[in-house]
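Student: Residue numbers (my numbering): 310 to 651.
Glycine included, each C-beta is placed from N, C-alpha and C at the ideal position.
Note that the structure is predicted; figures quoted are calculated from it, not measured.
This is the structure I have questions about; it appears just below.
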């Protein structure tokens, strides 16, 4: 799902059905920004009253929402849910739902992973991706992360997900290095990254090395970017743009060409030190080829075509709004999605 171009209602529906399904045993969810009167919180409270094992990981320190999150914790605790405040010293910024259901002769898990908060109003004005899956390995990974969050932060090994502050940073460096090696071997190499901010020095250095090795790099960064593109001998193969439009761009998408066997990930983490080293974050692969193609086209290439709401970062650190070429039709990425996404 690509919000707000796709409705947020399937996420609400998942929780509603889980709350009333007699075969559902447990629901676990992270809550970073969510008011006590939100429908999601009320559904979780109802699920707890219906006898489900409900666990909520609430980040009390979500900036500007501290008081609201305390209210959320009180509502859920009064309903009988287990409320946990994560690992000491690390903000829980990951976006995860886990539903555990008894089916015939086995226990099956269902998962939602997202790039944005579980806030229905935000889903109308922020762009975000959400994945619903019952893939056994991914569900097992999410189960392990919840166990980590409720078991004093013991490090767990995951099969498919990367997570901060443990593996995400090193895996991103490794993915960039793979593109560098492929380019040096004369193969096509490409990286496209869409984040809210890019400030982490080691990742910036790795992108500089990739540019010098001939990797074509496009960065779509909504706010702060400490990387300087188009600097001779340093970052000539890097272009940076920011989209400022009707909706706040909030998706985090990482794309690596990987010799034609593209690797594409969505994540809760920006490329900042605080996300990669001081927060619990998740980064999940998009394995279905159809979905991967859809996100590449709609979530990345579409934004690289925008010639009206795009601002380009210059080598001297200034931003210049894209200048439309004479006779070229206007292309607005968000409007294209509004017109063509069903």
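(1) Taking only three categories from DSSP, how would you classify residue 475?
(2) Taking residue 644 as part of the alpha helix (DSSP H), name the residues at either end of that continuous run.
(3) So is residue 643 buried or exposed if we call it buried at 16+ other beta carbons inside 10 Å?
(4) According to DSSP, simplified to helix, strand and coil, what is residue 411?
(5) Is there contact between the segment 488-499 and the segment 559-567, where contact requires at least three CB pairs shorter than 8 Å?
(6) Leaving out the 5 sequence neighbours to the left and right, which residues in its chain are closer than 8 Å to residue 454 when beta-carbon positions are compared?
(7) On the DSSP bridge assignment, give the partners of residue 535 in chain order.
(8) Are the Cβ atoms of residue 369 and residue 378 separated by less than 8 Å?
(9) Does DSSP put residue 638 in a helix, in a strand, or in coil?
(10) What would DSSP say about residue 594, mapped onto helix, strand or coil?
(11) According to DSSP, simplified to helix, strand and coil, what is residue 354?
(12) Considering Cα atoms alone, identify which of 360, 521, 359 and 347 is closest to residue 380.
(13) Whose C-alpha, out of 451, 531 and 616, is nearest the C-alpha of residue 435?
(14) Can you tell which of 401, 628, 363 and 329 has its C-alpha closest to the C-alpha of residue 539?
(15) If you run the structure through DSSP and keep just helix, strand and coil, what is residue 622?
(16) Out of curiosity, what's the CA-to-CA distance linking residue 316 and residue 389?
(17) Would you mind sorting residue 445 into buried or exposed? The rule is 16 or more other CB atoms within 10 Å of its CB.
(18) Using 8 Å as the threshold, is the segment 356-370 in touch with the segment 322-336, meaning 3 or more CB pairs across them?
(19) At which residues does the alpha helix (DSSP H) containing residue 583 begin and terminate?
(20) If we count the other Cβ atoms within 10 Å of its Cβ and call it buried at 16 or more, is residue 527 buried or exposed?
Tutor: Straight from the coordinates:
(1) One-based indexing of the chain shown puts residue 475 at position 166. Looking at residue 475 - three-state DSSP - the assignment turns out to be coil, as it is neither helix nor strand.
(2) In the chain shown, residue 644 corresponds to position 335, counting from 1. First-last of the alpha helix (DSSP H) with residue 644: 642-649.
(3) If you number the chain shown from 1, residue 643 lands on position 334. In summary, residue 643 is buried, with 16 or more beta-carbon neighbours lying within 10 Å of its beta-carbon over all protein chains present.
(4) Numbered from its first residue, the chain shown carries residue 411 at position 102. Here residue 411 sits in strand by DSSP.
(5) Three or more pairs of CB atoms, one per stretch, sit closer than 8 Å, so the segment 488-499 contacts the segment 559-567.
(6) Numbered from 1 along the chain shown, position 145 holds the residue referred to as residue 454. Excluding sequence neighbours, residue 454 sits near 403, 405, 465, 467, 470, 472, 589 and 591.
(7) For the purposes of this step, residue 535 is identified with residue 226 of the chain shown, where counting begins at 1. BP columns for residue 535 are empty, so no partner.
(8) Here residue 369 refers to the residue found at position 60 of the chain shown. Here residue 378 refers to the residue found at position 69 of the chain shown. The Cβ atoms of residue 369 and residue 378 sit closer than 8 Å to each other.
(9) Position 329 of the chain shown, counted from the start, is the residue given in the question as residue 638. In the three-state reduction of the DSSP assignment, residue 638 falls in the coil class.
(10) Translated into the one-based positions of the chain shown, residue 594 becomes position 285. When secondary structure is reduced to three states using DSSP, residue 594 falls in the strand class.
(11) Looking up residue 354 in the chain shown gives position 45. Note: residue 354 maps to helix in three-state DSSP.
(12) For the purposes of this step, residue 380 is identified with residue 71 of the chain shown, where counting begins at 1. Residue 347 is the option with its Cα nearest to residue 380.
(13) Locating residue 435 in the chain shown gives position 126, where the first residue counts as 1. The shortest Cα separation from residue 435 among 451, 531 and 616 belongs to 531.
(14) Taking the first residue of the chain shown as 1, we reach residue 539 at position 230. Nearest C-alpha to residue 539: 628.
(15) If you number the chain shown from 1, residue 622 lands on position 313. In the three-state DSSP reduction, residue 622 falls in the strand class (E or B).
(16) By one-based count along the chain shown, residue 316 stands at place 7. By one-based count along the chain shown, residue 389 stands at place 80. Put simply, the backbone Cα of residue 316 is about 30 Å away from that of residue 389.
(17) Here residue 445 refers to the residue found at position 136 of the chain shown. Answer is exposed; the Cβ neighbour count stays below 16.
(18) Short answer: they touch.
(19) Numbered from its first residue, the chain shown carries residue 583 at position 274. DSSP places residue 583 in the uninterrupted alpha helix (DSSP H) bounded by 582-586.
(20) The residue you call residue 527 lines up with position 218 of the chain shown. With at least 16 other beta carbons inside 10 angstroms of its own, residue 527 counts as buried.
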